[in-house]
Every structure is written in structure tokens, then in C-alpha cells.
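The structure under discussion appears below in the form of C-alpha cells.
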Amino acid sequence: MEYITVTEVRNIIQKEIFQMEVIEQSLIDAQYHYSAEPVYAPIDVPSFDNSAMDGYAFAYQDYEDKKELRVCYTIQAGDTELPVLKSGEVARIFTGAMIPQGADTVVMQEKVKKENAIIFIEEHSFSKGQNIRLKGSQSQKGDLLIPENTLITSGVIGMLAGFGIDHIKVFSYPKVGIIVTGNELAEAGKPLKTGQIYESNSLALQSVLKDLHIQSLQTIKVSDKKKSTSEAIKTMMEKVDVLLITGGISVGDYDFVKESLQELEVNQLFYKIQQKPGKPLFFGKKENRFVFALPGNPASVLTCFYQYVKPFLEGLKGRTDFFQDKSTACLSSDFDKKNDLTNFLKGRAENGEVTILSSQESYKMDSFAQANCLVEISGEKRKISQGEKIALWKI
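The working numbering puts the sequence shown at residues 186 to 580.
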């Protein structure tokens, strides 16, 4: 298969996205999930007229008629047996307390002088109905609170709890597994032997999955042998919705991932992209299970994850704008694009300006440690001038 464009890759990924199983969760467990159905208000909120502050409740007409305003009652938040105010009567009232019949205005306590039981209002510019939260002023019964595919955040949880809602339906998270290939890989914390490097891809992938609030189901490390590669892929694909593989996807003598995927009848959706880094990237599926076979170099792994795996996983979770983390910024200095591929470059964006970092090679991770975005530059070889607007993706 020939190399395909980044745009074609995104279109293929988008067509394959489906939404995961719907589950019912408690509000707190639903956090970071996406709603699987609209949620409507079961009651008015507020469910009764109540005071917006500590103060005094009375009839505004009594104030206009210059009647003596005498404090006869005290009403706390939560009181349900309320007096009916007669003309000239005032209730000392506290924030959130129900407004009694006969009162239509609250004056804040700081604007009142009290002598014996008589209050004198020292605020000269207030009006009827002031400082009262009216029934249904936030939401009325039957109002749409959140539509389907809404991310459940702390704010959403707080709002829904205020309606007495304790469970909602959300989309479940996909099960994700990781396979790391390579004879040369050593475990962090152990001495390196000659010719070895420390394996970092599994931890990096677990970390970015954690950013998406997804726990990887399992991580398997395999040597560059056909049998162990094939067996690991077969085992993992029986357990997960999405399998991530790093390394072994190129065309070297000891790259067995693509061959194993073919033998396991994984349908290839694309392989090899017109981009740098990460040209050898495989995406395929078998029934309703998917595989991303990523390159082995650490910077390529993370670049491909942010560009393709993350949107796919977010789409499975129920997000609908999964390709919308794109923005623009002005380039801080000239840049020489030296190839015809789509380049994804580690960048640092601040105050509307983006700096392309050094150490862009696919095996170098020091630039990723500083980056907060990936700069996307497509098209032919060319010089890009300082101040020119370029596309970037938040990471």
C-alpha cells in the first residue's frame, strides 16, 4: 500500500469510531465520562423563593408607605413552617431561607440599622424583589440540563446533584492493552547491559492513557521473535477493545508485528503515512477490536498517540469534537521545512506565539519534556518566516 496523507488517516479513523456500551454510574463515578443521553430537570431550581443573603424580609409597599418596620420573626435556611407577615412586620432571614408569605423584598443586613426591634434601611437605591432568588430562576422542571455526549466535570456533577440526581447513564471506557516489542529493551531500575536501552514506551503510553482517565488493562513485553509476537497479539486482542503495539511494525528482518497481524486476520485500514515522525503506523480491526501498531522510537510513539490514538479513544468514550484541539499561533523564529511530508514538531506555545524546540529526532525525548503542543506543518519544502501563523495541537 502506498503512503496516505494525514487528512486521509483522520477520515479513516473518524469513520471507524463507535460509542462504547452505555452504563449507569453514580454521579461521582461518572466523572470524566460522557453522558449517554440527555438529562432533564426533574424539579424547579430553586424549588422555592429564597433569600440571596443574610438580611431582613418585608413587603416593599410597607417601605414605600414609610410604615414602621418591626422584626417579629427569624427564619433560617431549612425552616419549613413559616409565618405569614402582616403589614409592617419583618422577618430576620438568612441566606437560602424560604421567603415567607407577605414578603417580597430582602435588604442586606449591612444596610440596616436596628434599634430595639425596629429597622431603619440605610440603602437608598434598592427595588422591589431585590435579593430574592425566585423559584425556577436557574432551571424549570423539564428544562434540558445537559445534552448527550457532555463531559461530566465537577461543575456538571455539582449542578446535577442540586436537582437530586444521583445516577446517570454514560458511555463506558474502552479496554486498552499495550504490547512493547524489542530485544534491546531493559526495565528501568535495572543495570543496562551493552547494547541495551531502557524501555520507556509502556510507561509513556500508560501515562497518556491516564490523562484520558483510561487504565491500560495489561502490558506485555515481547522479544523480536515471530511466535512470541503472534501469541502476545492473539492473547491481548481477546481481552481488549483497543490494542497498542510499539515497535516491530517496519520492514526489518526482525519486525514481525505486521506479519502477525495479517496471519491473525486483522483487517488493515491503513499503513504508512506521509508524515514525520511516525511514517510506519498501522491501524486495523478484527470484528469490533482495533489495533494501532506504532513505531518504536519514543518520540514517534507519543506523536502518533496524540494525533491519532487519542482522538480515536476519545470518540469511543463519547466525545464528538475529538479532532478539535487545534489552534494557531505565530512562529517565534524562521523555520526551514526540508521535506514534502507533514511534519509534527514539538513546540512550546505561550502568549499567542510558538517556539519550535530543538531535539526533534524521533529517538530524542528531551523536547517532549518541554513541549505543550505539536506544531503541524504540511506541504512542500519551504522557508516559514517569523510571525507566520501555523497550526498547533495541544498536548
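All residues carry an ideal CB built from backbone N, CA and C; glycine is no exception. This structure is a prediction, so every number in the text was calculated from the model and none was measured.
- DSSP assignment within the segment 452–491 yields the following whole beta strand (DSSP E) runs of 3 residues or more, N-terminal first: 452–456, 467–471, 474–479.
- Excluding the 5 residues flanking it on each side, Gln-325 has same chain C-beta neighbours closer than 6 Å at Asp-229, in chain order.
- Beta-carbon to beta-carbon, Leu-526 and Gln-460 are separated by about 5 Å, close enough to satisfy the 8 Å threshold.
- Cα atoms of Ala-371 and Ser-408: separation of roughly 11 Å, rounded to the nearest angstrom.
- Straight-line spacing of the CA atoms in Ile-350 and Lys-522 works out to 54 Å.
- The criterion of a C-beta distance shorter than 8 Å is satisfied by Phe-468 and Leu-454.
- Lys-313 and Glu-249 have their C-alpha atoms some 10 Å from each other.
- Across the structure, Glu-416 and Ile-575 are spaced so that their CA atoms are roughly 44 Å apart.
- The three-state reading of DSSP puts Gln-210 in strand, counting E and B together.
- Here Ile-278 has Ser-236, Gly-240, Tyr-241, Ala-242, Ile-260, Val-291 as same chain residues with Cβ atoms under 7 Å from its own Cβ, once five neighbours each way along the sequence are excluded.
- In the structure shown, Lys-495 falls within a helical segment according to DSSP collapsed to helix, strand and coil.
- The Cβ neighbour count for Thr-513, taken over all protein chains shown within 10 Å, is under 16; the residue is labelled exposed.
- An exposed status is given to Lys-410, since fewer than 16 other beta-carbon atoms sit within 10 Å of its beta-carbon.
- Taking C-alpha positions only, Ile-458 is separated from Glu-561 by approximately 14 Å.
- Ranked by Cα distance from Leu-212, the first of Ile-382, Pro-483, Leu-336 is Leu-336.
- Taking 8 Å as the cut-off, the beta carbon of Ser-401 is found closer than this to the beta carbon of Ile-363.
- Taking the CA atoms as reference points, Asn-334 sits about 5 Å from Ser-220.
- Between Asn-301 and Asp-247, the alpha-carbon positions lie close to 19 Å from each other.
- Excluding sequence positions up to five before and after Gln-381, its CB lies within less than 8 Å of the CB of Glu-369, Leu-370, Ala-371, all in the same chain and listed in chain order.
- Less than 8 Å separates the beta-carbon of Ile-198 from that of Pro-496.
- DSSP places Tyr-241 in the strand class (E or B) of the three-state scheme.
- Look at Ala-554 here: in three-state DSSP terms it is helix.
- Closest in C-alpha terms to Met-344, from the list Gly-500, Pro-227, Ser-563, Trp-578, comes Pro-227.
- If only uninterrupted alpha helix (DSSP H) runs of at least 4 residues are considered, those enclosed by the segment 341–422 are 386–396, 411–422.
- About 6 Å separates the beta carbons of Val-275 and Ile-304, which is inside the 8 Å limit, making them a contact pair.
- As DSSP reads the structure, Ala-276 sits in a beta bridge with Ala-242, Tyr-258.
- Unbroken beta strand (DSSP E) stretches of 3 residues or longer found wholly inside the segment 276–317: 290–293, 297–300, 303–306, given in chain order.
- The three-state reading of DSSP puts Gly-532 in strand, counting E and B together.
- Rounded to the nearest angstrom, the gap between the Cα atoms of Thr-431 and Val-365 is 5 Å.
- Taking the Cα positions, Gly-367 is about 36 Å away from Asp-506.
- Residue burial annotation: Gln-509 is exposed, with fewer than 16 other C-beta atoms found within 10 angstroms of its C-beta.
- For Thr-192, the enclosing alpha helix (DSSP H) covers residues 191–201.
- By alpha-carbon distance to Gln-492, the top candidate from Glu-444, Leu-446, Leu-559 is Leu-559.
- Contact check for Ala-556 and Arg-533: beta-carbon distance about 6 Å, within the 8 Å limit, so the pair qualifies.
- Tyr-225 is bridged by DSSP to Leu-329.
- Within 10 angstroms of the beta-carbon of Asp-440 lie 16 or more other beta-carbons, which makes it buried.
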